[in-house]
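Colleague:
Numbering (our numbering), first residue to last: 1 to 62.
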């Protein structure tokens, strides 16, 4: 896992995950992406990572 203060990314198999920190309207959110496609925003980094892992597990077409 590689980390900067505002962005992390990691991979499992062929899937690449990314979470970046975004401030919008004074609120801090974490935007998650799976293979370069943004999947949503969550209030915490941990919630974003868990949601991305669940999404990846639900559609694994290896």
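The beta carbon of each residue, even a glycine, is placed where N, CA and C say it ideally should be.
Just checking my contact of residue 29 with residue 41 at CB under 8 Å: how many whole Å lie between their CB atoms?
Modeller: The pair is a contact, with the Cβ atoms about 4 Å apart (cut-off 8 Å).
Colleague: Would you kindly work out how many angstroms separate the C-alpha atoms of residue 21 and residue 31, rounded to a whole number?
Modeller: When rounded, the distance between both Cα atoms is 6 Å.
Colleague: Where does residue 26 land, buried or exposed, given buried means 16+ other C-beta within 10 angstroms?
Modeller: Exposed, by the Cβ-count rule.
Colleague: CA-CA distance, residue 18 and residue 34?
Modeller: About 7 Å.
Colleague: In this structure, what does DSSP give as the bridge partners for residue 34?
Modeller: 17, 37, per the DSSP bridge assignment.
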